[in-house]
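Each position in the sequence shown, counted from 1, maps to that position plus 88 in this note's numbering. Worksheet for the structure shown next.
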Amino acid sequence: LIISSIRRQGNSKKAERIILGEKLAPDATTKTLFGEAEKLAREGNLKDAIRKGYIALLFELSERKQIGLEIHKTNRDYLRDVRSKAELYKNMNVLTVNYERHWYGSASAKKEDWEEFREGYKNAIGLK
């Protein structure tokens with residue numbers, strides 16, 4: 089009985105999640121993550137906002153079991169995970185290019201880039 093109780097307690101803890109090298113809080117949700125992205129955008133940190141928005145996207149797709157989060161996976165691996173879902177793949181591809189252009193590339197993020205990302209994010213997760 090005691091062992092059973094201990095096992096239940098141990099299983100109730102959420103597994104630590106790391107997405108794109110960022111350790112997420114155990115109580116993180118898609119809504120809180122995208123809220124952080126919105127806050128970064130309002131503060132003018134558009135490059136960081138796009139990154140946080142992309143993390144929110146991957147988190148949501150993982151929650152829906154459409155991708156499997158793995159520390160070794162690349163953005164292209166995640167795209168391959170959704171290839172069979174044509175509309176999602178199309179939206180996610182645009183978001184991935186936007187994210188990579190601003191995070192890894194030399195392009196500075198402008199307000200329009202964030203707005204494009206934000207709209208694409210909503211399309212990808214069905215918030216329209």
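Every residue, glycine too, gets a C-beta built ideally from N, C-alpha and C.
Chain-order list of residues whose beta-carbon lies under 7 Å from that of residue i (same chain, five-residue window excluded)
i: Phe205; result: Ile138, Gly141, Leu183, Asn186
i: Gly214; result: none
Backbone secondary structure at residue i - three-state DSSP
i: Arg130; result: helix
i: Arg164; result: helix
i: Glu104; result: coil
i: Leu112; result: strand
i: Ile155; result: coil
i: Ala42; result: For the chain, the structure presents residues 89 to 216; residue 42 sits outside this window and is missing.
i: Thr120; result: helix
i: Pro214; result: Per the sequence presented here, residue 214 reads as Gly, with Pro not at that position. The answer is coil: DSSP assigns Gly214 none of H, G, I, E or B.
i: Gln97; result: For Gln97, the predicted model reports a pLDDT of 46, less than 50, meaning its position is unreliable; a value from the coordinates is still stated below. Note: Gln97 maps to helix in three-state DSSP.
Rounded separation between residue i and residue j - CA only
i: Lys153; j: Tyr166; result: 12 Å
i: Ser196; j: His190; result: 6 Å
i: Glu200; j: Lys135; result: 12 Å
i: Thr52; j: Ile107; result: Only positions 89 to 216 of the chain appear in the structure, and residue 52 is not among them; the question remains open.
i: Lys198; j: Asn133; result: 10 Å
i: Leu146; j: Phe122; result: 11 Å
i: Ala116; j: Ala125; result: 13 Å
i: Lys173; j: Trp202; result: 25 Å
Sequence-distant residues of the same chain with beta carbon closer than 6 Å to residue i, five excluded per side
i: Asp169; result: Ile155
i: Leu112; result: Arg105
i: Gly208; result: Asn179, Val182, Leu183
i: Leu149; result: Ile155
Close-in-space but distant-in-sequence residues of the same chain around residue i (CB under 8 Å, 5 per side omitted)
i: Glu151; result: Thr118
Proximity to residue i [Cα-Cα], best of the options
i: Asn211; options: Leu176, Asn133, Gly109, Lys199; result: Leu176
i: Ile143; options: Glu200, Glu188, Lys199; result: Glu188
field: contact_flag[the stretch 154-165, the stretch 119-135] where n(CB pairs < 8 Å) is 3 or more
entry: no
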